[in-house]
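So for the sequence shown, my numbering puts the first residue at 14; every next one is plus one.
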Amino acid sequence: MPRPRITSLLPQALRRRLRLEPSAAASAPPAPEDPLLQLGRLLRQKREEQGLSLRQLATETRISTPVIEALERGWRDRLPEPAYLRTMLALLEQHLGLEPGALNAALPLQAHPLDDHSKQPSLLRRFTPGSIDVFTSWQGTVLYGLLTAGLIYAVNLQQQQLAAANQLTLRPVPPLTEAERVKPPDSNALLLQVHPDLRPLQQAARGVAQKQWSREARQEGGGPGVLRLRLDQPTSLQLSSESGEGTRLQGARGSLVLQMQPPLQVQLTPPPAAGSGAVRWNEQPLEAEAGRPGGYRVPPAAARGSAAAPAALPSVAPPADLP
């Protein structure tokens with residue numbers, strides 16, 4: 014009589030569990046490898062072929078070392094945004110001599126707009142307190158806003174508590190008294206009133222120097238002047254100076270105005286009537302020389318101890334900040 018097998022003595026449910034058949038894990042196909050890991054091995058291989066370290070590659074490409082390390086190790090959650098990552102991948106491909114688009118596997122896949130999984134917010138799922146960029150990200154802006162609102166609320170609450178405890182004194186700023194409104198006299202202004210010569214620009218704006226020079230020029234008769242002749246009848250005119258310059262006119266009649274430099278001599282034939290003011294120098298009538306009818310002479314400025322007239326000073330307005 015054959016001996017029963019041990020398996021026949023076991024319950025049917027236990028026999029099904031112990032049945033020798035291929036496991037579900039062995040029958041399932043292996044999971045595909047992440048393309049980012051393959052990309053990382055390729056990137057590390059090209060970098061080592063050129064004898065570059067992570068720091069050297071980061072310095073030459075201007076890409077941070079953590080980003081290159083995340084690419085080589087397949088850390089997708091530590092990669093930057095796709096807009097920045099696309100530019101970095103192009104720089105790495107160009108620097109390591111790879112074909113264009115060889116590193117595009119590091120870019121995240123674009124989900125289809127009708128896909129249900131794409132409707133889930135990815136920003137909140139990726140958000141961690143350590144990933145906040147307080148200067149550029151929206152999380153930093155929200156953090157700043159919450160912090161500011163909290164501080165304002167805390168200050169307001171403190172003021173309310175102090176006012177409730179009668180410890181907050183609100184006193185308006187009193188107005189200035191009459192004595193405080195009156196400004197003390199400025200010593201510089203008093204000094205300028207005593208010595209106005211200390212304000213040359215203001216004096217130049219008022220034309221003080223120009224008036225003084227004109228007054229001295231009229232008193233001394235030096236410098237260029239205006240010779241005015243009024244000829245009521247045809248007259249022979251002769252002008253001459255000690256420097257050899259001269260002018261001769263025949264049958265001149267009417268009014269003649271010339272700007273000339275003394276000394277000079279004027280000869281009119283026939284001579285005008287005495288006291289008619291036919292010859293004027295700087296609007297002052299000249300008298301004919303004794304013993305020479307019709308002869309007039311303007312003496313030189315050097316004979317009266319004056320030099321050539323200086324140029325007129327320009328009118329300059331004083332600065333607005335001076336008192």
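Note that beta-carbon positions come from the ideal geometry of N, C-alpha and C, so glycine has one too.
Given the structure is predicted, the values throughout are model-derived calculations rather than measurements.
According to DSSP, is Ala265 part of a helix, a strand, or is it coil?
In the structure shown, Ala265 sits in a strand (DSSP, three-state: E or B).
Pick out whichever of Glu191, Ala192 and Gln173 has its Cα sitting closest to the Cα of Leu183.
The shortest Cα separation from Leu183 among Glu191, Ala192 and Gln173 belongs to Gln173.
Among the residues of its own chain, which have a CB less than 6 angstroms from the CB of Ala265, if the five just before and after it don't count?
Same-chain partners within the cutoff: Leu244, Thr248 and Leu250.
Would you decide whether Gln280 is buried or exposed? Buried here means 16 or more other CB atoms lie within 10 Å of its CB.
Burial call: buried.
Among Gly110, Leu269, Leu98 and Leu277, which residue has its Cα nearest to the Cα of Gln63?
That would be Gly110, whose Cα lies nearest to the Cα of Gln63.
Hey, Leu269 and Ser254: beta-carbon distance below 9 angstroms or not?
No; because the gap between Cβ atoms is not below 9 angstroms, this pair is not in contact.
Is Leu84 closer than 9 angstroms to Leu116 when the C-beta atoms are compared?
Their beta carbons are under 9 angstroms apart, which means Leu116 touches Leu84 by this criterion.
If you check the beta carbons only, do Arg228 and Arg293 fall under 9 angstroms apart?
Contact: no.
Quick one: residues in its chain with C-beta nearer than 6 angstroms to the C-beta of Glu46, no 5 flanking neighbours on either side, listed in chain order?
Nothing meets the Cβ criterion.
Specify, as a first and last residue, the run of the beta strand (DSSP E) that Thr78 falls within.
Looking at the DSSP string, Thr78 is not in any beta strand (DSSP E); the run it does join, the alpha helix (DSSP H), is Thr78 to Arg86.
In or out: Leu105 buried (at least 16 other Cβ within 10 Å) or exposed?
Buried, since its Cβ has 16 or more Cβ neighbours within 10 Å.
From the DSSP secondary-structure annotation, give me the bridge partner or partners of Val168.
Per DSSP, none; premise fails for Val168.
Report yes or no: is there a C-beta of chain C within less than 9 angstroms of the C-beta of Arg261?
This model lacks chain C altogether; it includes just one protein chain.
Bridge partners for Thr260 per DSSP, in chain order?
DSSP lists Leu252 as partners of Thr260.
In the DSSP assignment, find the unbroken beta strand (DSSP E) run with Thr282 in it and report its ends.
Unbroken beta strand (DSSP E) run through Thr282: Leu277 to Thr282.
Determine which residues share a DSSP beta bridge with Arg241 and list them.
Arg241 is bridged to Val270 and Arg293.
Report, in whole angstroms, the separation of the C-beta atoms of Pro275 and Gly238, which I expect to be a contact under 8 angstroms.
Sure, about 7 angstroms apart at Cβ, within 8 angstroms.
Do Arg86 and Leu70 have their CB atoms nearer than 9 angstroms?
No. Outside cutoff.
Count the other C-beta atoms from every protein chain shown that fall within 10 angstroms of the C-beta of Ala178, then say buried if there are 16 or more, exposed otherwise.
By the 10 Å Cβ count, Ala178 comes out exposed.
Identify the continuous beta strand (DSSP E) that holds Arg310 and give its terminal residues.
Its beta strand (DSSP E) spans residues Gly308 to Val311.
CB of Ala162 to nearest heavy atom of the ligand MG: below 8 angstroms?
The ligand MG is absent from the structure shown, which contains no ligands of any kind.
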